[in-house]
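J.: In this note's numbering, the protein residues as written are 1 to 423. Can you read through this structure? Questions will come right after.
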Ligand code: AMP
Ligand code: GLY
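Right, here's the structure in full:
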């Protein structure tokens, strides 16, 4: 079978890497892909928003399965379009991807179906929003309703900051249409985990547990990023927490979406806040996490293609997934300046040395090829991912890979996985 992966970041490199190992697959295309992906698949010069172009390509090449990485094409309706044309595609339909595209939708759904989450209200006007802030107090969390590339969440530590955030979002143009509504919610304490599951809209099969590192600096300091590293398994997800995440979060959400006439098919990602034995949902994503996908797929023992096909065809019953016992750790190496304005075009050295390390894979995210050299081309540049018998061993191996690689201005966190070691 021929498979088309849509996207071109570290998540899609991991998907292509895993899919290409399937005995069912003869050829993998990736649109637009990246230089790392190009070593194991054929990059296709189409953007993720070019839905008609992607459909025409998939038809012309006889693609048997299309797998969508990022959120944008899902919320543009790529799955709906492909299905109208009889094509098999893995991902959430447009009316289900709204669970990520609108935080107000997700919060209202959680309230209606009793999915544990922070107390909140939704506002479109500044005055009542400020009155709510004064009622709840500080710290308080302000979220732009729509997609804001991970930058639409402000954790306000002062009243001034909270007022500025809602004013910016509602009356300014800080996030364009994404900020025309805001969710204001209670600040939660605890440790975060990423809980992902495959679902056909009825059956739910969880992936292994994982944890992201959103803040740019060690010790979770500094502004949030798309994710500076991840590992799996995440010991914060104890068997008891796993059970709660499945029954109180995943089951209620999947059933709720079905009841709303928005059956959810694809991978559902819940960002959880865990405090003792209490689980609350911070957000949903309609896609694999990035970078969580990298360590998760390195740990996945089963062939992923039958799972993706079963989801796409709407019957996951009878499918099971085996995982390697080993732990996996992904350290993201970022361009100078990220998550602010960042440098581009710096030559990356040492990729070959890192690749020579066993049980380690360097997933490309923001890279490009110029004059035969691999250069930086995005904020998150590489996801250096390693397996180990223990988390400690995986951490050490991943950082050995990181140590082999360099470019001007690069930076990375030095404490990826440290929370797992503390438990
Ligand atoms: P979200 O995009 O909603 O997941 O928010 C991005 C990040 O902001 C989360 O990963 C958390 O670190 C933080 N965050 C979001 N909501 C809350 C909350 N209610 N309490 C504390 N931190 C939060
Ligand atoms: N790593 C967080 C996300 O993919 O949203």
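Where a beta carbon is used, it is the ideal one built from N, C-alpha and C, also for glycine.
What's the gap between the Cα of residue 20 and the Cα of residue 53?
T.: So the alpha carbons of these two residues sit roughly 23 Å apart.
J.: In the DSSP assignment, find the alpha helix (DSSP H) that holds residue 223 and state where it starts and stops.
T.: Run containing residue 223: none in the alpha helix (DSSP H); it sits in the beta strand (DSSP E), 221-224.
J.: Helix, strand or coil for residue 21? Go by DSSP, reduced to three states.
T.: Looking at residue 21 - three-state DSSP - the assignment turns out to be coil, as it is neither helix nor strand.
J.: Excluding the five sequence neighbours on either side, which residues of its own chain have a C-beta within less than 8 Å of the C-beta of residue 346, listed in chain order?
T.: Once the five neighbours on either side are set aside, the close Cβ partners of residue 346 are 335, 336, 375, 376, 407, 408, 409 and 410.
J.: Buried or exposed for residue 262, going by 16 or more other Cβ atoms inside 10 Å?
T.: Under this definition residue 262 is a buried residue.
J.: Give me the Cβ distance between residue 44 and residue 7, rounded to the nearest whole Å; I'm assuming they're in contact under 8 Å.
T.: In fact, because the Cβ distance is near 11 Å, the residues do not count as touching under 8 Å.
J.: In the DSSP assignment, what are the bridge partners of residue 275?
T.: In DSSP, residue 275 forms a bridge with 278.
J.: Does the region 200-214 come close enough to the region 136-148 that 3 or more CB-CB pairs lie under 8 Å?
T.: As far as the Cβ criterion goes, the region 136-148 does not touch the region 200-214, which means the pair count is below three.
J.: At what residue ranges does the region 275-315 contain a whole run of the beta strand (DSSP E), taking only runs of 3 or more?
T.: Correct list: 278-285.
J.: Take residue 362 and list the residues in its own chain whose beta-carbon comes closer than 8 Å to its own, dropping the five residues that flank it on each side.
T.: Hits under 8 Å: 36, 351, 354, 355, 382, 383, 384, 385, 401 and 405.
J.: For residue 60, count neighbouring Cβ atoms within 10 angstroms of its own Cβ and tell me buried if that reaches 16, exposed if not.
T.: Flag for residue 60 reads exposed.
J.: Classify residue 34 as helix, strand or coil using the three-state DSSP reduction.
T.: If DSSP states are grouped into helix, strand and coil, residue 34 belongs with coil.
J.: Does residue 160 pass the burial test, meaning 16 or more other C-beta atoms within 10 Å, or should it be called exposed?
T.: With fewer than 16 other Cβ atoms within 10 Å, it is exposed.
J.: I believe residue 268 touches residue 192 by the beta-carbon criterion, under 8 Å. Please report the beta-carbon distance rounded to the nearest angstrom.
T.: Not really, about 17 Å apart at Cβ, beyond 8 Å.
J.: In three-state DSSP terms, what is residue 370?
T.: Looking at residue 370 - three-state DSSP - the assignment turns out to be strand.
J.: If the criterion is Cβ atoms closer than 8 Å, does the pair residue 413 and residue 218 meet it?
T.: Yes, these two residues count as a Cβ contact at 8 Å.
J.: Do the CB positions of residue 10 and residue 294 come within less than 8 Å of each other?
T.: Yes, the Cβ-Cβ distance between residue 10 and residue 294 is below 8 Å.
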